[in-house]
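Under the working numbering, the very last position in the sequence shown is 214; numbers go up by exactly one each time.
Beta carbons are placed, not taken as given, at the ideal position from N, Cα and C, and that holds for glycine.
It should be emphasised that the depicted structure is a prediction, and the values quoted were computed from it without experimental measurement.
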Amino acid sequence: SENYTNIEAANVNLWSMAQNSDRWKLLRYNNSAHSTLSFNNQWQVVSGKATIIDSYNQSDSMSVTLDLTPVYKDQVNSVKRKLSLINKKIASIEDEISSNNDSTSMRWNLTTSAIATVLSSNLLLLEKDGKAMYMKVDCVQPIKFYVNDAQPTTLYESKNNGISLVGFTTVLKRGSTQKITVHFTPKD
Numbered sequence: 027s028e029n030y031t032n033i034e035a036a037n038v039n040l041w042s043m044a045q046n047s048d049r050w051k052l053l054r055y056n057n058s059a060h061s062t063l064s065f066n067n068q069w070q071v072v073s074g075k076a077t078i079i080d081s082y083n084q085s086d087s088m089s090v091t092l093d094l095t096p097v098y099k100d101q102v103n104s105v106k107r108k109l110s111l112i113n114k115k116i117a118s119i120e121d122e123i124s125s126n127n128d129s130t131s132m133r134w135n136l137t138t139s140a141i142a143t144v145l146s147s148n149l150l151l152l153e154k155d156g157k158a159m160y161m162k163v164d165c166v167q168p169i170k171f172y173v174n175d176a177q178p179t180t181l182y183e184s185k186n187n188g189i190s191l192v193g194f195t196t197v198l199k200r201g202s203t204q205k206i207t208v209h210f211t212p213k214d
């Protein structure tokens, strides 16, 4: 848990929800430390609201699709994210991103307490408490995996011991729509 006293003693206004508020500089408050996307290392748009645009629910499979475009206003043209559970065993996250004509770097992040091991250019292994699953990335563009400690850069933020930021970066094709799918499958 976070120690608000230390943060407020450092003159950080935790209660300001403005786009450029100091609160977003804190690791636990901005999108760089959450299981989501970042474009060109920018923060999400605070006033943006994601909407559910589709859902599917059967006995063994389900999915939901979100329009995240307002959350990334002026960073990319559109973002849709579909989260699926297939046969109650395989999870997938499919991002459909329409980039603008600027060069756009994308960061796909997962915050986890699992131990991550990069196995190949598009395959990673996550292990915890005797269980393991693969994280496989399908992306036309080359990706680069990262595994980083989720530690803040300030002295007044609480440590995140045992937590890692795991994911990948890529550069989106200019002015095109791309699908990037991440599959999570059990190791056994």
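Asked	Found
For a test of the three-state rule: what should DSSP assign to T91, helix, strand or coil?	strand
Kindly list the residues whose CB is nearer than 6 Å to the CB of Y182, restricted to its own chain and excluding five residues on each side of it in sequence; keep chain order.	N32, I33 and A36
By Cβ distance below 6 Å, which residues in the same chain neighbour I80 in space, the five residues on each side in sequence not counted?	Checking the displayed sequence, the identity of residue 80 turns out to be Asp instead of Ile. Cβ neighbours of D80 beyond the five flanking positions: T91.
Could you check which residue in G156, V192 and R54 has the C-alpha nearest to that of V163?	V192
Looking only at DSSP bridge pairs, what is H209 linked to?	S118 and K162
Checking 8 Å against the spacing of the C-beta atoms, do I169 and T137 come in under that value?	no
With L33 as the anchor, note down where its alpha helix (DSSP H) starts and where it stops.	Checking the displayed sequence, the identity of residue 33 turns out to be Ile instead of Leu. Residues Y30 to A35.
Could you check which residue in Y172, D128 and A117 has the C-alpha nearest to that of M159?	A117
Identify the continuous beta strand (DSSP E) that holds K170 and give its terminal residues.	K170 to D175
Would you call the stretch 141-155 and the stretch 103-121 touching, i.e. three or more CB-CB distances under 8 Å?	no
How would you label V166, buried or exposed, when you count the other beta carbons within 10 angstroms and need 16 or more for buried?	exposed
Can you tell me where the beta strand (DSSP E) with S82 in it begins and where it stops?	The sequence shown places Tyr at residue 82, rather than the Ser named in the question. T77 to N83 is the span of the beta strand (DSSP E), which, as asked, contains Y82.
For the candidate residues S64, E28, M43 and A140, whose alpha-carbon lies nearest to that of L198?	S64
Just curious, the beta strand (DSSP E) that V97 is in, first and last residue?	No beta strand (DSSP E) contains V97, which DSSP labels as neither H nor E.
Tell me the rounded alpha-carbon separation between D121 and Q204.	8 Å
Can you tell me where the beta strand (DSSP E) holding G193 begins and where it ends?	S190 to L198
Ignore the nearest five residues each way along the sequence and tell me which others in W50's own chain have a CB closer than 6 Å to its CB.	N56 and W69
Counting along the chain, where does the beta strand (DSSP E) carrying A44 start and finish?	Per DSSP, A44 belongs to no beta strand (DSSP E) and is neither H nor E.
Please return the same chain residues whose Cβ sits closer than 6 Å to the Cβ of H209, not counting the five positions on each side in sequence.	S118 and K162
Please look up how many angstroms separate the CB atoms of G201 and N113, rounded, as I've assumed it's under 8 Å.	Not really, about 37 Å apart at Cβ, beyond 8 Å.
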